[in-house]
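Student:
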Amino acid sequence: MSPPEAYDLDRLHEGSDRLIEALPDDLPADIAAALRSPGVADWLRARPFQAVTDWEELQGQGDGVISVPQEFLGAPLPAEVTVRDAQQLLLLYQRVLLKGTVDQQRQLLHPQLLVTLWPALSDELPKPVVSVWEQRFPVLA
6 MSPPEAYDLD RLHEGSDRLI EALPDDLPAD IAAALRSPGV ADWLRARPFQ
56 AVTDWEELQG QGDGVISVPQ EFLGAPLPAE VTVRDAQQLL LLYQRVLLKG
106 TVDQQRQLLH PQLLVTLWPA LSDELPKPVV SVWEQRFPVL A
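Listed below in structure tokens is the structure:
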């Protein structure tokens, strides 16, 4: 590995600029603005997140067992999550908020559980994700 002084910081910055320029044109304005903010990680700009626009659309389970879609599976998240298991539910909600489509968010996120988990989620999620969700849904702020 090269010592820090050997890194070409100008080239690294150019890579971030290219990611900003490559953001999709159809990205909602609030998400685009959040991703253009200084200090946003390149990995988040490379795969922009989504967010529902209507709180009433959230129809996730409030009790019982949730079947976890394949794209969210991975250690330590199992194929089924019990809503009463706060650790697993928190991990599922993190993944859905960060990587889920609007349709997946509608299907998997329960509004009251999201409010309950939000303090912990907002500590773990990237700032742009938190700011967009809190701007869209003041109940989370």
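The sequence shown begins at 6 in the numbering used here and counts up one residue at a time.
Idealized CB from N, CA, C, for every residue including glycine.
Nothing here was measured: the structure is a model prediction, and the numbers come from that model.
Can you tell me which of the three DSSP states LEU82 falls into?
Tutor: What you label residue 82 is simply residue 77 of the sequence shown in a count that begins at 1. If DSSP states are grouped into helix, strand and coil, LEU82 belongs with the strands.
Student: Going along the chain, which unbroken runs of the beta strand (DSSP E) with 3 or more residues stay wholly within the stretch 34 to 90?
Tutor: Segments of the beta strand (DSSP E) lying fully in the stretch 34 to 90: 70 to 72, 85 to 87.
Student: Mind checking which residues open and close the alpha helix (DSSP H) that includes VAL144?
Tutor: On the sequence shown, residue 144 is found 139 positions in, with the first residue counted as 1. Neither: VAL144 is in no alpha helix (DSSP H) and is coded neither H nor E.
Student: For ALA39, collect the residues of the same chain with a Cβ closer than 6 Å to its Cβ; drop the 5 residues on either side in sequence, then sort them by chain order.
Tutor: Start at 1 with the first residue of the sequence shown, and residue 39 comes out as number 34. Once the five neighbours on either side are set aside, the close Cβ partners of ALA39 are PRO133, SER136, VAL137.
Student: Among GLN140, VAL120, LEU113, which one has its Cα closest to the Cα of GLU62?
Tutor: As a first step, residue 62 must be located in the sequence shown, where it is residue number 57. For GLU62, the nearest C-alpha among the options comes from LEU113.
Student: If you run the structure through DSSP and keep just helix, strand and coil, what is PRO124?
Tutor: Start at 1 with the first residue of the sequence shown, and residue 124 comes out as number 119. Note: PRO124 maps to helix in three-state DSSP.
Student: Within the continuous alpha helix (DSSP H) that includes LEU113, where are the two ends?
Tutor: Here residue 113 is taken as the residue at index 108 of the sequence shown, counted from 1. LEU113 -> alpha helix (DSSP H) spans 107 to 113.
Student: Can you tell me the Cα-Cα spacing of ALA51 and GLU26, whole angstroms?
Tutor: Start at 1 with the first residue of the sequence shown, and residue 51 comes out as number 46. Start at 1 with the first residue of the sequence shown, and residue 26 comes out as number 21. Straight-line Cα distance between these residues: approximately 11 Å.
Student: Given that a residue counts as buried once 16 or more other Cβ atoms are within 10 Å of its Cβ, and exposed if not, what is TRP123?
Tutor: In the sequence shown, the residue the question calls residue 123 occupies position 118. Looking at its Cβ environment, which holds 16 or more other Cβ atoms inside 10 Å, TRP123 is buried.
Student: By Cβ distance, which residues of its chain are closer than 6 Å to LEU96, with the 5 residues on each side in sequence left out?
Tutor: Within the sequence shown, the letter at position 91 stands for residue 96. Cβ neighbours of LEU96 beyond the five flanking positions: LEU82.
Student: Going by alpha carbons, who is nearest to TRP48 out of ARG23, GLU139, LEU126, VAL88?
Tutor: Here the question's residue 48 lines up with position 43 in the sequence shown. Comparing Cα-Cα distances from TRP48 to each of ARG23, GLU139, LEU126, VAL88, the minimum goes to ARG23.
Student: Just how far apart, CA to CA, sit ARG141 and THR58?
Tutor: The count along the sequence shown starts at 1 and reaches residue 141 at position 136. The count along the sequence shown starts at 1 and reaches residue 58 at position 53. Rounded to whole angstroms, ARG141 to THR58 spans 7 Å at the Cα level.
Student: Using DSSP with H/G/I as helix, E/B as strand and the rest coil, what is ASP31?
Tutor: Within the sequence shown, residue 31 is the residue found at index 26, counting from 1. Of the three classes helix, strand and coil, the one that applies to ASP31 here is coil, per DSSP.
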